Amino acid sequence: MSQWLRKLPGYQVYEPGLERKILHELPQFIVLGGLALGLPSLLARFLLSAKAQRIIDILVIATEIFFLGMVMTLAIAAFIVMLS
Numbered sequence: 093m094s095q096w097l098r099k100l101p102g103y104q105v106y107e108p109g110l111e112r113k114i115l116h117e118l119p120q121f122i123v124l125g126g127l128a129l130g131l132p133s134l135l136a137r138f139l140l141s142a143k144a145q146r147i148i149d150i151l152v153i154a155t156e157i158f159f160l161g162m163v164m165t166l167a168i169a170a171f172i173v174m175l176s
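In structure tokens:
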């Protein structure tokens, strides 16, 4: 695995930047994003029929899975940049 993360010739060292900020704010982003994405499902309970609630629940779950996948991709990328 260490062969994959070798530094290229001419590599310059920079101060920690955006990747550390991203990793620091990631837990808050996950919680607030998850709550914001769950809000349509909660509102549907008060305003819509049972059939519409099921459809919205399916869409919210699919969006949550996509959101978590994108957050994990961002976290892995920031971690790799931090290691190099």
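Take the sequence shown: its position 74, counting from 1, is numbered 166 in the numbering used here, and each next residue is one higher.
By construction, the Cβ of each residue, glycine as well, lies at the ideal position given by its N, Cα and C atoms.
Predicted model, so just to flag it, every value in this text is computed and none were measured.
- Take the alpha-carbon of ALA154 and the one of ALA142: they are about 19 Å apart.
- Between LEU115 and MET174, the gap from beta carbon to beta carbon is short of 9 Å.
- The shortest CA-to-CA distance from PHE121 to any of SER176, LEU166, PHE171 and ILE172 is the one to LEU166.
- Annotation for LEU127: no residue places its beta carbon closer than 6 Å to its own, counting only its chain and skipping 5 residues before and after.
- In this structure, the beta-carbon distance from GLY109 to PHE159 does not fall below 9 Å.
- In this structure, PHE171 sits near GLU111, with a CB-CB distance shorter than 9 Å.
- Runs of the alpha helix (DSSP H) lying entirely within the segment 108 to 144 and spanning at least 4 residues, in chain order: 110 to 139.
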